[in-house]
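Quick note: the sequence shown uses this note's numbering, first residue 1, plus one each step.
Cβ atoms here follow ideal geometry from the backbone N, Cα and C, with glycine treated the same way.
Here is the structure we will look at, set down as C-alpha cells.
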Amino acid sequence: MNKFNELVFKQMKTMDELLNTQSELERYERIERQLHNLHNETALKTVRERIVCMKSRLTEIQHIFEKQTNELIQSYKEKSHS
C-alpha cells in the first residue's frame with residue numbers, strides 16, 4: 001500500500017472514531033438531561049464527569065484528524081508532482 005492510500009486509511013479510521021465518540025457524547029448528554037429532570041444529583045455528577053472526558057477526547061481526535069488531513073494533502077501534492 002502506498003503512502004497516500006495508507007494515510008487515507010488512517011484518516012478513515014480516525015473519522016470513524018470521531019463519529020463514534022460524538023454519538024456516545026450525544027447519548028450521555030441525553031442521559032444528563034434525564035437525570036437533571038429526575039433530580040438525581042449523584043448520577044448526574046458522574047455523567048457530567050464522563051461528558052467532560054468525552055469532550056476532551058473528541059477535541060483530541062479532531063486535532064489528529066486535522067493533522068492527518070494536512071499529511072494527506074502533502075502526500076497528494078508529492079504524488080502529483082512525481
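By alpha-carbon distance to E6, the top candidate from S82, H81, Y76, S80 is Y76. For S23, the enclosing alpha helix (DSSP H) stretches over residues 3 to 38. Annotated as proximal: L18 and Q62, with beta-carbon spacing under 9 angstroms.
For S75, the enclosing alpha helix (DSSP H) begins and ends at 41 to 80.
Shown here for L35: same chain residues with a beta carbon closer than 7 angstroms to its own, the five before and five after excluded, namely A43, L44, V47 in chain order. Shown here for R50: same chain residues with a beta carbon closer than 8 angstroms to its own, the five before and five after excluded, namely Y28 in chain order. Taking the Cβ atoms as the reference, V8 lies roughly 22 angstroms from L58, outside the contact range of under 8 angstroms.
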